[in-house]
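When the letters of the sequence shown are read in order and numbered with the numbering used here, they come out as residues 84 to 353. Note that CB positions come from ideal geometry on N, CA and C, so glycine has one too. Only one structure is covered here, and it is reproduced in the block below.
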Amino acid sequence: MLVGWNGQPPVIKLDYYKKGYFVNIENLDKVRETMLKVDDSERIRSSMDHFEMISPYIFPVIETGGIFDTLWQSMGFKNFSYHYRKNTKLYRELIKYFAELTFIRVQSIIDATGDRAGVLNINDDIAFKGRPMISPERWMQDIGKYYKEICSIISDAGMKATTHTDGDITDMVPYLQRVGFQGVQGWEGGADPFFINENYPNFVINGFGDISQVIPFGSKEEIFNHVKELMDILKENRHFIIGPSTVIYEGIPFENVEYFIEASIRYGKY
């Protein structure tokens, strides 16, 4: 069985996640021994050129993968749960491994673009629906120090470090701030925009557009009311970027997406 850098079989057309094969140190070591760093600078610069071309119409952000969600997927959640609870050597080595890969990708973006990107977003789902998938204290203890170093090099390059996660990560915000993240793209699972705005006024809030109910299934009036409510709570602080809480998927009616954009323009003006 061939195993890729992420602990997954390198098979084309997987829906998202199939099975994790980093179930022992030997499998991880085999992958480490065969990995090669690839110069991706041309593709990164090409992406930035495209982003700058469309930036008058939309707010594109360059992004890369993170540590935690790739970690548990590389093992499978059952194995991850065991090694997480026991704090095993395999668990700790995998954190170091994925932290190193994240560091390499971030440094490659910086080397290829300088500070052109402005914002560098790290995708790392640490929550699902209404709660985190890892306790804030364990995240800080096990993973926080690596993100502190990664956020530091992003900041030193003149860029802002943000992260994306699904779910309600209200309890994680103080820890994300402590390591250097300046905002989160997402906000679903019942997260309260008023609470976040009142308690973390300097934290950038990107998202909160409800793609579970309102945007896919709501009427034009409901979508406009949803956007107006968000703007009434968050706009004046000037730390709010409105957008979907996760992704605009193909099952959402296109006219509803247009309503969401139209409402954002109407109520988002100062």
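- In this chain, the beta strand (DSSP E) harbouring ILE288 covers 287-292.
- VAL330 and LEU119 have their alpha carbons spaced roughly 32 Å apart.
- In the three-state reduction of the DSSP assignment, ILE205 falls in the strand class, which pools E and B.
- Just so you know, the alpha carbons of PHE291 and GLY326 end up roughly 7 Å apart.
- Of the residues GLY197, ASN170 and THR246, the one whose Cα lies closest to the Cα of GLN224 is ASN170.
- A straight line joining the alpha-carbon of GLY197 with that of HIS247 spans about 22 Å.
- When the Cα atoms are used, PHE134 and TYR104 turn out to be separated by approximately 36 Å.
- When the alpha-carbon of ALA274 is set against those of LEU111, PRO257, THR253 and ILE137, the nearest one is in THR253.
- Shown here, VAL267 sits in a strand according to DSSP, grouped into three states.
- If only uninterrupted beta strand (DSSP E) runs of at least 3 residues are considered, those enclosed by the region 172-233 are 202-206.
- Taking C-beta separations shorter than 7 Å and ignoring five residues to either side along the sequence, the partners of THR153 in its chain run ASN89 and PHE181, following chain order.
- Contact between GLY272 and GLY301 does not hold, since their C-beta atoms are separated by about 18 Å, which reaches or exceeds 8 Å.
- Annotation for GLU146: the continuous beta strand (DSSP E) segment containing it runs 145-148.
- If the five residues before and after LYS243 are omitted, its C-beta is found closer than 6 Å to the C-beta atoms of VAL202 and GLN265, all from its own chain and listed in chain order.
- Residue environment analysis places ASP122 among the exposed positions, since fewer than 16 neighbouring C-beta atoms fall within 10 angstroms of its C-beta.
- The continuous stretches of beta strand (DSSP E) do not include ILE335, and DSSP gives it neither H nor E.
- A direct Cα-Cα distance of roughly 35 Å separates PRO215 from PRO139.
- The region 330-340 makes no contact with the region 276-286: fewer than 3 CB pairs, one atom from each, lie closer than 8 Å.
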